[in-house]
Amino acid sequence: MKHIETKSSLISQLQAAGIERGDTLFVHTSLSKLGWVCGGAQTVIEALQETVGTKGLLMMATQTGDNSDPAEWEAPPVPVEWWQMIRETMPAYDTEKTATRGMGRVPELFRSYPDVYRSQHPMWSVAAWGDDAQQVVSAHTIEVGFGPGSPIERMIERKAKILHLGSPLDATTLWHYAEYGIDSPVKSFGCAMVENGERVWKTFDHVDVNSVPFGPIGENIVKQKDVKAFTIHEATCYVIPSDTWQPVQHALVALRSWLR
Numbered sequence: 003m004k005h006i007e008t009k010s011s012l013i014s015q016l017q018a019a020g021i022e023r024g025d026t027l028f029v030h031t032s033l034s035k036l037g038w039v040c041g042g043a044q045t046v047i048e049a050l051q052e053t054v055g056t057k058g059l060l061m062m063a064t065q066t067g068d069n070s071d072p073a074e075w076e077a078p079p080v081p082v083e084w085w086q087m088i089r090e091t092m093p094a095y096d097t098e099k100t101a102t103r104g105m106g107r108v109p110e111l112f113r114s115y116p117d118v119y120r121s122q123h124p125m126w127s128v129a130a131w132g133d134d135a136q137q138v139v140s141a142h143t144i145e146v147g148f149g150p151g152s153p154i155e156r157m158i159e160r161k162a163k164i165l166h167l168g169s170p171l172d173a174t175t176l177w178h179y180a181e182y183g184i185d186s187p188v189k190s191f192g193c194a195m196v197e198n199g200e201r202v203w204k205t206f207d208h209v210d211v212n213s214v215p216f217g218p219i220g221e222n223i224v225k226q227k228d229v230k231a232f233t234i235h236e237a238t239c240y241v242i243p244s245d246t247w248q249p250v251q252h253a254l255v256a257l258r259s260w261l262r
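Here the sequence shown is numbered in the working numbering, starting from 3 and rising by one per residue.
This is the structure:
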């Protein structure tokens, strides 16, 4: 491998892409595509922190897909005879202890960083650092999910920039917000959590969140003139400003409302 990135080189590229001090960023990453990063995930996190500063805000999805009903597992599935035992023994979600799954090395380290706050949702948590971080991730209950009152809505209110560092566009958490507030399909979910001081297996009905359309949506958005595209080693990167993604978000809500 002939490509090396350092904290200072990452900061320079982030600044050249239009990221400024005081920005709110919702960050999606693929560390392996960034080349050989001296310091790995730690360097990426600290480059982001130093670029936006303490008056800015960093947000990342820290979801825990394995704290879910094993009947839904596909990658990999587990034997049917294990399902009930998993429901009975899966550790309850803990903001400090519970690892992410499928989010990558950067969010997994970020969730445990000093002054990072992680939300209480046992399946779809979000972590934040910087200005008003604790408030941004507060009150993230099972009922809220990705919808109104969630950290995703706080992101929308703050006119955040979406930053992809080599990650697939179908990973864009924001688009889930459009699935709420209308007659979207509902399904049953299950997870382990603490309720009234006790570990319980909680079954609940919720909007059936679906990321299948997100890839095509993203492919069209990144063609817009206000989107800054750049490359770090093998990572195709995008900075998507709120002026670009907000009209699409409104259109998705309107379309889903029309389809009711």
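We treat Cβ as the ideally placed atom computed from N, Cα and C, and that holds for glycine.
Residues bridged to residue i by DSSP?
| i | result |
| --- | --- |
| residue 266 | Residue coverage of the chain in this structure runs from 3 to 262, which leaves residue 266 outside it and unanswerable. |
| residue 95 | In DSSP, residue 95 forms no bridge with anything. |
| residue 188 | 209 |
| residue 193 | 204 |
| residue 38 | 6 |
| residue 242 | 164 |
| residue 63 | 128 |
Whole angstroms are fine: how far does the CA of residue j sit from the CA of residue i?
| i | j | result |
| --- | --- | --- |
| residue 111 | residue 43 | 7 Å |
| residue 74 | residue 96 | 22 Å |
| residue 93 | residue 48 | 31 Å |
| residue 30 | residue 212 | 18 Å |
| residue 238 | residue 22 | 20 Å |
| residue 186 | residue 245 | 26 Å |
| residue 107 | residue 145 | 28 Å |
| residue 11 | residue 70 | 39 Å |
| residue 243 | residue 86 | 45 Å |
| residue 231 | residue 64 | 25 Å |
| residue 235 | residue 130 | 27 Å |
| residue 123 | residue 18 | 35 Å |
| residue 79 | residue 72 | 8 Å |
| residue 45 | residue 38 | 11 Å |
| residue 50 | residue 105 | 17 Å |
| residue 262 | residue 36 | Below a pLDDT of 50, predicted positions are generally treated as unreliable, and residue 262, at 48, falls in that range; the measurement from the model is reported next regardless. About 42 Å. |
| residue 195 | residue 55 | 34 Å |
| residue 103 | residue 68 | 7 Å |
| residue 206 | residue 149 | 16 Å |
| residue 114 | residue 223 | 32 Å |
| residue 7 | residue 165 | 18 Å |
| residue 247 | residue 228 | 10 Å |
| residue 173 | residue 200 | 33 Å |
| residue 198 | residue 155 | 27 Å |
| residue 9 | residue 41 | 8 Å |
| residue 136 | residue 119 | 6 Å |
| residue 176 | residue 241 | 14 Å |
| residue 4 | residue 233 | 15 Å |
| residue 191 | residue 81 | 19 Å |
If you measure between the beta carbons of residue i and residue j, is that distance less than 8 Å?
| i | j | result |
| --- | --- | --- |
| residue 32 | residue 167 | yes |
| residue 83 | residue 203 | no |
| residue 158 | residue 179 | yes |
| residue 163 | residue 27 | yes |
| residue 132 | residue 208 | no |
| residue 109 | residue 62 | yes |
Cutting at 6 Å between CB atoms, please list the residues of its own chain near residue i, excluding the five before and the five after it.
| i | result |
| --- | --- |
| residue 189 | 210 |
| residue 53 | 13, 16 and 21 |
| residue 100 | 66 |
| residue 88 | 72 |
| residue 161 | 244 |
| residue 260 | Because the pLDDT at residue 260 is just 49, under 50, the model does not fix this residue reliably, and the value given afterwards should be weighed accordingly. Correct list: empty, nothing qualifies. |
| residue 217 | 171 and 172 |
| residue 24 | 57 and 58 |
Using a Cβ-Cβ cutoff of less than 7 Å, which residues in the same chain neighbour residue i once the five nearest sequence positions on both sides are dropped?
| i | result |
| --- | --- |
| residue 121 | 127, 128, 139, 142 and 153 |
| residue 151 | 141 |
| residue 169 | 30, 31 and 32 |
| residue 220 | 171, 172 and 174 |
Identify, in the order they occur along the chain, each residue of the same chain with its Cβ nearer than 8 Å to the Cβ of residue i, setting aside the five sequence neighbours on each side.
| i | result |
| --- | --- |
| residue 134 | 59 |
Got a sec: does the ligand ZN put a non-hydrogen atom nearer than 7 Å to the Cβ of residue i?
| i | result |
| --- | --- |
| residue 40 | Of the ligands one can find in the structure shown there are none, so the ligand ZN has no counterpart to examine. |
Against chain C, does residue i count as a neighbour if the rule is that its beta carbon must be under 8 Å from one of theirs?
| i | result |
| --- | --- |
| residue 116 | Here chain C cannot be found, since the structure has a single protein chain. |
query = Which runs of the beta strand (DSSP E) fall wholly inside the stretch 198–240 and span at least 3 residues, in chain order?
reply = 200–209 and 230–234
query = Of all the alpha helix (DSSP H) runs that stay within the bounds of the stretch 78–164, which reach a length of 4 or more residues?
reply = 85–91, 107–112, 135–138 and 153–159
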